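K.L.:
Supplied in structure tokens, the structure appears directly below.
Number of protein chains: 2
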Amino acid sequence: MSVKPEGAREANLDHKLSTLLFEHFQVERRNWSSACHEHGITLPQAHLLRLLRTGRPVKMNGLAEALDCDASNVTGLVDKLETRGFIQRQSAPGDRRVKMIALTKEGQLFRAKLWSQLTQPAPSLTALPLADKQTLLRIVQAMIRSESKS
Amino acid sequence: MSVKPEGAREANLDHKLSTLLFEHFQVERRNWSSACHEHGITLPQAHLLRLLRTGRPVKMNGLAEALDCDASNVTGLVDKLETRGFIQRQSAPGDRRVKMIALTKEGQLFRAKLWSQLTQPAPSLTALPLADKQTLLRIVQAMIRSESKS
DNA sequence: ACGCAACCATTGACAATGGCAACTATCGAT
DNA sequence: ATCGATAGTTGCCATTGTCAATGGTTGCGT
Numbered sequence: 001m002s003v004k005p006e007g008a009r010e011a012n013l014d015h016k017l018s019t020l021l022f023e024h025f026q027v028e029r030r031n032w033s034s035a036c037h038e039h040g041i042t043l044p045q046a047h048l049l050r051l052l053r054t055g056r057p058v059k060m061n062g063l064a065e066a067l068d069c070d071a072s073n074v075t076g077l078v079d080k081l082e083t084r085g086f087i088q089r090q091s092a093p094g095d096r097r098v099k100m101i102a103l104t105k106e107g108q109l110f111r112a113k114l115w116s117q118l119t120q121p122a123p124s125l126t127a128l129p130l131a132d133k134q135t136l137l138r139i140v141q142a143m144i145r146s147e148s149k150s
Numbered sequence: 151m152s153v154k155p156e157g158a159r160e161a162n163l164d165h166k167l168s169t170l171l172f173e174h175f176q177v178e179r180r181n182w183s184s185a186c187h188e189h190g191i192t193l194p195q196a197h198l199l200r201l202l203r204t205g206r207p208v209k210m211n212g213l214a215e216a217l218d219c220d221a222s223n224v225t226g227l228v229d230k231l232e233t234r235g236f237i238q239r240q241s242a243p244g245d246r247r248v249k250m251i252a253l254t255k256e257g258q259l260f261r262a263k264l265w266s267q268l269t270q271p272a273p274s275l276t277a278l279p280l281a282d283k284q285t286l287l288r289i290v291q292a293m294i295r296s297e298s299k300s
């Protein structure tokens, strides 16, 4: 016992931090979701929209992989966004199997509007002191880096 | 133009940070979800379980409020967890309308097991240097505080 | 004591998400 | 030419989540 008390304290810190994040994300998710609903779409649809950049169509499979979900799920999401007129299925030049998903003019506009709202209304975030924001940015980037490696 | 360039830079920082968090949480959520599924429950059910402490029953309405969702939704979640034997509906002493939800012996055990897994497997988090963890903890706590005030 | 509004939990109906299996069309390699 | 692999779609199912409506219960005002 009492081997490495700092180690134990650090493990405890991990635990507390994970719990807080788990808790906090649940709340944040609701905020994001309701922001999306104000614009007439849903959170998963917004995540799909997030992956699309102007002039850079992505194939269905690429979306499925990026969203880490089944391809059939993407079909449904694309259906809805296409009905709304925000994206369109294009045929790929070399392969008639693949469909490239591209933002429409309307979609670009909508995406920009949605995004400015979606990335701003976290008062809990904007209220942070500048130094904390910079630190947080650095930490989150480190976390994402270590995540994509696994 | 060129009014408060630092202000503009800070707004840009907010934007970048929000985007990263939005992106990162999507990934983290998948990890949590699959961890839950390994234990045979789902993420929303885990969130409900999170709210229950041994010896501290919570009424349905309290759960609905804490989860920020419709009461009818809670009914369904409680149904499933009760079927699994993790929780049970108790009648409240003073009011025959309310039902208190309490952890069973099995539920306590399960919750502990689930929790130790759920709060640990974020390698992107445990890999952070100690100082970053402490800073992150402080920041997240500040964010949660500012959130509950709104 | 009576009536009535408010409250708690549940139910039913509905849309959206997400996973799995089956299917069609297409490609690529042999 | 054939065969296995790949891309996207479809159907089916379980779960989540919201809304409206219901039954039972409470508490208050009169």
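Chains A and B supply the protein sequences, listed in that same order.
So that you can map any letter, position 64 of the first sequence is 64 in the working numbering, and since no number is skipped, the others follow by simple counting.
So that you can map any letter, position 20 of the second sequence is 170 in the working numbering, and since no number is skipped, the others follow by simple counting.
For every residue, glycine included, the Cβ atom is placed at its ideal position computed from N, Cα and C.
Being a predicted model, the structure only gives us computed values, none of them experimental.
Is there a C-beta anywhere in chain A that falls below 9 Å from the one on B/His187?
P.N.:
It does not: the Cβ of B/His187 has no partner Cβ on chain A nearer than 9 Å.
K.L.:
With a floor of 4 residues, list each alpha helix (DSSP H) that falls wholly inside the segment 207-290 of chain B, ordered by position along the chain.
P.N.:
210-217, 221-233, 255-268 and 273-276
K.L.:
Quick one: which chain B residues come within Cβ less than 8 Å of A/Lys133?
P.N.:
Glu160, Leu163, Asp164 and Leu167
K.L.:
Step through the CB atoms of chain B and report whether any lies within less than 9 Å of the CB of A/Thr75.
P.N.:
no
K.L.:
Since I believe A/Thr135 is in contact with B/Thr285 (beta carbons under 8 Å), could you give me their beta-carbon distance rounded to a whole number of angstroms?
P.N.:
With a Cβ gap of about 5 Å, B/Thr285 and A/Thr135 count as contacting.
K.L.:
Assuming B/Leu193 is part of the alpha helix (DSSP H), what are its boundary residues?
P.N.:
Leu193 to Leu201
K.L.:
Judging by CA-CA distance, which residue of A/Gln88, A/Arg29 and A/Asn31 is the nearest neighbour of A/Leu103?
P.N.:
A/Gln88
K.L.:
B/Asp218 to B/Leu170, Cα distance in whole Å?
P.N.:
Distance between the alpha carbons of B/Asp218 and B/Leu170 is about 24 Å.
K.L.:
Quick one: which chain B residues come within Cβ less than 8 Å of A/Leu118?
P.N.:
Ser168 and Phe172
K.L.:
Check whether the Cβ atoms of A/Leu13 and B/Leu287 lie closer than 9 Å to each other.
P.N.:
A/Leu13 places its beta carbon less than 9 Å from that of B/Leu287.
K.L.:
For chain B, check one thing: does any of its Cβ atoms lie closer than 9 Å to the Cβ of A/Gln45?
P.N.:
Chain B, which has no Cβ nearer than 9 Å to the Cβ of A/Gln45, makes this no.
K.L.:
Going along the chain, which residues of the segment 83-100 of chain A sit with their C-beta nearer than 9 Å to a C-beta in chain B?
P.N.:
none
K.L.:
Can you tell which of A/Arg97, A/Lys113 and A/Pro93 has the C-alpha that lies nearest to the C-alpha of A/Phe86?
P.N.:
A/Lys113
K.L.:
Any beta carbon from chain B within less than 9 Å of A/Ser124's own beta carbon?
P.N.:
yes
K.L.:
With DSSP run on the structure shown, which of helix, strand or coil describes B/Thr169?
P.N.:
In the structure shown, B/Thr169 sits in a helix (DSSP, three-state: H, G or I).
K.L.:
Please state whether the Cβ-Cβ distance between B/Ile294 and A/Val27 is less than 9 Å.
P.N.:
yes
K.L.:
What does A/Val140 touch in chain B if you count any residue whose Cβ is under 8 Å from its own?
P.N.:
Proximity of chain B to A/Val140 at the Cβ level (cut-off 8 Å) is accounted for by Leu167, Leu170, Leu171 and His174, in chain order.
K.L.:
If you count every other CB in all the chains shown that lies within 10 Å of the CB of B/Leu213, and 16 or more means buried, which is it?
P.N.:
buried
K.L.:
Whose C-alpha, out of B/Met250, B/Pro194, B/Glu188 and B/Pro273, is nearest the C-alpha of B/Gly205?
P.N.:
B/Met250
K.L.:
With 9 Å as the threshold, decide whether the Cβ of B/Glu178 is near any Cβ in chain A.
P.N.:
yes
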